[in-house]
Structures are given as structure tokens and as C-alpha cells.
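In what follows, a single structure is set out as C-alpha cells and then discussed.
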Ligand SMILES: [Mg+2]
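Residue numbers (UniProt numbering): 1 to 313.
Put into C-alpha cells, the structure is as follows:
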């Protein structure tokens, strides 16, 4: 673990020559939910200027990919719509790859995920949202009736998830042939400026504990997501990929299980103190860390300027 800004120019050149593709997380790296991260747009442009392919990988399914793309463009990021990776895209790909296309899907998730699944031709089972009568009879009537046509349960982030939705998922998951997929498993979500949200991981854990099932996770840090990334972007040499993220557990964990190089930014979830008092598996340790992507931009400028100066001499 080295502070990237302490490298000399030769070491920096070696670092920037050590990868062709940058996989970057979005929240906490490019922006925080409540504010932008200065210098992040410049960093993405600089990485592209030195011929790095940039792919963005987020666990966040609160927006459709087209909305996310538009918001990134509006914020000034030089990226392509087809270089976005979300658990929703990976789920569609997983279901198709495993020929699970004729079963109904019960989704604990938000509208963008459901819309994407519908657009991909899947039939979604929804249950009425909202307040129910406070009686066990009503709860039982609403949640314990199975539907044999449901062959997939998806558990993802959902700001409207509630007792009834979770209980209904438990009913479907009693059948062992029901495929169980999950999106993000984060237990904490950082909004920046000290705001922390209860993440979807805790709710997923309820379903897994209740049913004795383990979901196939299609979000970081699960390597299942990487199967999608490698297929979709035809990545040949995983060691020539740099993963940039702000979460040690999700991002560095994902990069470690995929064999990617790791750069941790301290502009989101992870704080410098976590590096000083390491409480994660050894293999999650980033190769390098920086305060924010702004440093990456500044370092690329430095390397390029040195090259120009050397050439002029
Ligand atoms: Mg993040």
C-alpha cells in the first residue's frame, strides 16, 4: 500500500504503463450522492488521453443505465453509455446465459431494475405496496400463497422494501428450484459528509438466514459480476486492469478476487484510518491509494509534462 503521489516520475510511468483498462466505481469515486468530487472529470479525461479504456462499474441500481449515463455526461464525464456496468445488466445476462427465460421473476428492487427486466422480455411479479391491515390473517393471506410460475427471486436495493415483500420472497424461496439472485450486498452506503445509510446487504441476509439459501450475487464484491465484465468487454489479461474504488470490502474485495490491480480513493467510504489500522483480509490491501481522483489527474499531467520536457532537450 503506497500513496500514489509519493512515486517518482519513473515509478509513475511504470504504474501508468502497467494497465490498459480502468474499471472504476462511481459513487464515492466520481461523485458522492450529495456532492461532486473535484477533479474527477479531469481524471477520467486524462486516463483516456493516455489511451486507457474506462469502464464504470456500480452496484447502484437506483437509476436506469440511460439516466445514469445522462447524469454522468451532464456532470462532465467523458464516457460512453456502453461502458457502464450495473447489477441489473449482469442479471439479464445471467438469466439468458442460463436459459432461464420462461419463468416469472419476483423482484425486491426498484423501478429501473424492473423496467430493464421487462424490456429484456421477462415477466415480473409484483405485490401491492403500501400499508396493510394489522392482522396475522391478512399477512398470511398476502404472503404465504406460492405461485409455481415464479422461478426467480431477485433481491436488490429497494427503498420501499418492507416486511410483506420480504416474507413473500421467503415463500417463493422455499422451493429449491427457484433461482435466487442478488444485487448489491453492501451493508453500509456512504453518502459523503458523514451520512451513512443501511445497505441492502442486511435485508439480503434476512432472506438468506430465513431460507438457508445463498443468493448468486451479481454485484461487487462477487466475482460473478466479473464473469459479465470479462464477457462483455472481452478482457483477456486481468492483470492489466486497474480497479479504482472507495470501498475496501466491495471494491478492493472485488478487485482482489478478480486479480485486478487496486487503487483505493479516500473520497468516499474508506478513510485513511482504515489503512493505518487494517481490519480486512490481507489480499484486499490496495496496491496504491490517493485522496481522490484529482491526484490521478495531477500525476498524469506531471508524467506528460516530464515527457515533453525530456523530448525537448
Ligand atoms: Mg463506491
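No residue lacks a Cβ here, since even glycine has one placed at the ideal position from N, Cα and C.
Note that the coordinates shown come from a computational prediction; the quantities given were computed from them, not determined experimentally.
By the three-class DSSP mapping on this structure, what secondary structure does residue 35 have?
Residue 35 falls in the strand class under three-state DSSP.
To the nearest angstrom, how far is the alpha carbon of residue 79 from that of residue 15?
Roughly 22 Å between the two C-alpha positions.
Less than 7 Å between C-beta atoms, sequence neighbours within five positions excluded: which residues of the same chain meet that for residue 303?
Within the same chain, residue 303 has close Cβ partners 9, 12, 13, 16.
Among residues of its own chain, excluding the 5 on either side of residue 91, which ones have a beta-carbon nearer than 7 Å to its beta-carbon?
Within the same chain, residue 91 has close Cβ partners 154, 181, 218.
Rounded to the nearest angstrom, what separates residue 75 and residue 246 at their Cα positions?
Between residue 75 and residue 246, the C-alpha separation is close to 19 Å.
Per DSSP, what kind of secondary structure is residue 23 in: helix, strand or coil?
Strand, per DSSP.
Compare the beta carbon distance of residue 110 and residue 285 with 8 Å and say whether it is the shorter of the two.
No; because the gap between Cβ atoms is not below 8 Å, this pair is not in contact.
Do residue 27 and residue 268 come within 8 Å of each other at the CB atom, strictly closer than that value?
Against a cut-off of 8 Å, the Cβ pair of residue 27 and residue 268 comes out as a contact.
Using the C-alpha atoms, what's the distance from residue 132 back to residue 138?
In a straight line, the C-alpha of residue 138 is about 7 Å away from that of residue 132.
With distances taken from CA atoms, which of 187, 55, 236 is nearest residue 221?
When each option's Cα is compared against that of residue 221, the closest is 187.
Counting along the chain, where does the beta strand (DSSP E) carrying residue 75 start and finish?
Counting along the chain, residue 75 falls outside any beta strand (DSSP E), and DSSP gives it neither H nor E.
Pick helix, strand or coil for residue 141, following the three-state DSSP scheme.
In this structure, residue 141 counts as helix in the three-state DSSP scheme.
Does the stretch 276-283 come close enough to the stretch 293-302 to have 3 or more Cβ pairs within less than 8 Å?
At 8 Å Cβ cutoff, the stretches do not touch.
For the candidate residues 287, 233, 265, whose alpha-carbon lies nearest to that of residue 256?
Here the closest residue by C-alpha is 287.
Looking at residue 247 and ligand 1, is the gap between the Cβ and the nearest heavy atom below 7 Å?
Correct: residue 247 has its Cβ closer than 7 Å to ligand 1.
Any idea if residue 171 is buried or exposed, counting beta-carbon neighbours within 10 angstroms, 16 or more meaning buried?
Residue 171 comes out buried.
In three-state terms, what does DSSP make of residue 245?
Of the three classes helix, strand and coil, the one that applies to residue 245 here is strand, per DSSP.
Return the residue from the list 54, 189, 184, 64 that minimises the CA-CA distance to residue 205.
Checked all of 54, 189, 184, 64; the closest Cα to residue 205 is 184.
Spell out the partners DSSP gives residue 388 in its beta bridges.
Any question about residue 388 goes unanswered here, given that the chain covers just 1 to 313.
Any heavy atom of ligand 1 inside 7 Å of the beta-carbon of residue 244?
Outside the cutoff, so no.
Contact check, residue 169 vs residue 108 under 8 Å by CB: the rounded distance?
Yes, they are in contact, since the Cβ atoms of residue 169 and residue 108 sit about 6 Å apart, within 8 Å.
Reducing DSSP to helix, strand and coil, say where residue 125 ends up.
In the structure shown, residue 125 sits in a strand (DSSP, three-state: E or B).
At which residues does the alpha helix (DSSP H) containing residue 16 begin and terminate?
Run containing residue 16: 9-16, per the alpha helix (DSSP H) assignment.
On the three-state DSSP scale, how would you describe residue 70?
Residue 70 falls in the helix class under three-state DSSP.
Around the Cβ of residue 141, are there at least 16 other Cβ atoms within 10 angstroms (buried) or fewer (exposed)?
Classification for residue 141: exposed.
Kindly list the residues whose CB is nearer than 7 Å to the CB of residue 270, restricted to its own chain and excluding five residues on each side of it in sequence; keep chain order.
Cβ within range, chain order: 246, 247, 248, 264.
Is residue 183 near ligand 1 - that is, is its Cβ less than 7 Å away from at least one heavy atom of it?
The answer is no for residue 183.
Applying the 10 Å Cβ sphere with the 16-neighbour rule, what's the burial state of residue 260?
Per the 10 Å Cβ criterion, buried.
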